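Report on one structure; see the data block that follows.
Protein chains: 2
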Amino acid sequence: MSVEFINPFINATINVLKTMADMDPTPLKPRLKNITQSFGDVTSIIGLAGRRTKGSFAVSFSEACIVRIVSRMLGDEVTEGSEEIQDAVGEITNMISGGARAELEKKGYSLEMAIPTIVSGRGHSIKHITNFPIIVVPFRTEAGPFFVEACLKEEGSLS
Amino acid sequence: MSVEFINPFINATINVLKTMADMDPTPLKPRLKNITQSFGDVTSIIGLAGRRTKGSFAVSFSEACIVRIVSRMLGDEVTEGSEEIQDAVGEITNMISGGARAELEKKGYSLEMAIPTIVSGRGHSIKHITNFPIIVVPFRTEAGPFFVEACLKEEGSLS
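Protein chains in written order, with the working numbering: chain A, 1 to 159; chain B, 1 to 159.
Below, the structure is given as structure tokens:
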């Protein structure tokens with residue numbers, strides 16, 4: 001599988017943040033993630049699984065960045081660490097992965113989405129356990145950066 | 001769906017830790033998770049997804065507990081925060097969810113496994129975004145407690 005599988009996730013991220021929070025995040029150059037890195041304070045993770053293709057998608061925000069995004073989504077200032085933030089991040093994740101899934105389906109990859117899980121805690125790191133390429137895309141926003149990362153593997157190909 | 005879906009995860013956890021680390025973890029009473037709670041320092045999350053059923057499974061360890069488990073698995077003392085620990089936790093997660101998946105399949109639930117993601121960071125909390133019941137099972141071990149949690153939803157059922 002080519003690393004181009006990341007493009008549907010980039011497109012969906014831009015669309016969802018534009019629609020939900022009227023924001024225009026700028027994707028920077030995708031890169032391979034080959035070491036564990038600390039990415040953020042609030043991370044959402046969702047599994048993707050089909051009969052032949054498996055994957056994981058995560059989006060990771062600093063506290064300041066997600067507070068701004070969710071405040072714009074809800075039209076009201078939210079506070080750090082609130083449940084509103086976790087629920088909104090879950091919704092954002094479902095929408096991004098749903099959009100990416102639809103685009104991947106057109107390319108012939110059949111995947112179902114699992115249930116998103118939100119991790120909260122200052123400066124945690126995340127690592128996907130796979131030998132397939134993990135692609136990280138930093139996004140720039142007016143409220144600071146956030147990171148999208150995804151990996152997909154196809155069974156039957158070399159791992 | 002009855003909350004009995006948790007039993008295959010409990011059984012698989014006991015089997016995997018017995019086989020891999022010669023440990024006999026004792027499951028305590030399963031409980032509903034209805035607030036976000038801080039569970040651990042190292043958490044592994046894996047999505048499960050089929051056409052009708054979706055879910056998420058997580059296992060969360062204190063640093064002391066996972067250091068002991070992985071040291072026993074590898075027959076060698078491992079150090080806190082090492083990559084060996086993350087890889088071993090990924091392997092444990094794949095084995096537990098694989099075992100649970102096989103048992104759930106016998107009960108008529110068809111699920112594929114996504115790729116596990118490991119989160120590391122002192123005292124992080126996790127929250128699954130679903131209105132379906134999330135079941136948490138604390139386990140007691142000689143090296144301290146760990147927690148297994150899972151949720152499954154069936155499409156077509158309420159919420």
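Heads up, the beta-carbon is just placed ideally off N, CA and C, and yes, glycines get one too.
Just so it is clear, the structure is predicted and the values come from calculations on it, not from any experiment.
- Counting the other Cβ atoms within 10 Å of the Cβ of glycine 55 (chain B) gives 16 or more, which makes it buried.
- The C-beta distance from lysine 33 (chain A) to isoleucine 134 (chain A) rounds to 4 angstroms, short enough to meet the 8 angstroms contact threshold.
- Taking C-beta atoms as the reference points, histidine 128 (chain A) and serine 120 (chain B) fail to come closer than 8 angstroms.
- Contact annotation: valine 78 (chain B) and isoleucine 118 (chain B) have beta-carbon atoms that are not nearer than 8 angstroms.
- A distance below 6 angstroms between beta-carbons, with the five flanking residues on each side excluded, links isoleucine 45 (chain B) to the following residues of its chain, in chain order: Ala58, Thr117.
- Using beta-carbon distances, serine 56 (chain A) counts as an interface residue toward chain B, with a partner under 8 angstroms.
- Within the region 106-117 of chain A, the residues whose Cβ lies closer than 7 angstroms to any Cβ of chain B are, in chain order, Glu112, Met113, Ala114, Ile115, Pro116, Thr117.
- In terms of beta-carbon proximity, isoleucine 6 (chain B) stays away from the interface with chain A, with every pair separated by 8 angstroms or more.
- Comparing alpha carbon positions, the residue from B:Leu48, B:Gly40, B:Lys107 closest to isoleucine 115 (chain A) is B:Leu48.
- When secondary structure is reduced to three states using DSSP, lysine 127 (chain B) falls in the strand class.
- With contacts defined as CB atoms closer than 8 angstroms, threonine 43 (chain A) and serine 71 (chain A) fail to qualify as a contacting pair.
- Taking the C-beta atoms as reference points, phenylalanine 5 (chain B) is found no nearer than 8 angstroms to leucine 111 (chain B).
- Relative to serine 82 (chain A), the option among A:Thr93, A:Ile96, A:Val67, A:Ile14 whose CA is nearest is A:Val67.
- Within the region 145-156 of chain A, the residues whose Cβ lies closer than 9 angstroms to some Cβ of chain B are Cys151, Leu152, Lys153, listed in chain order.
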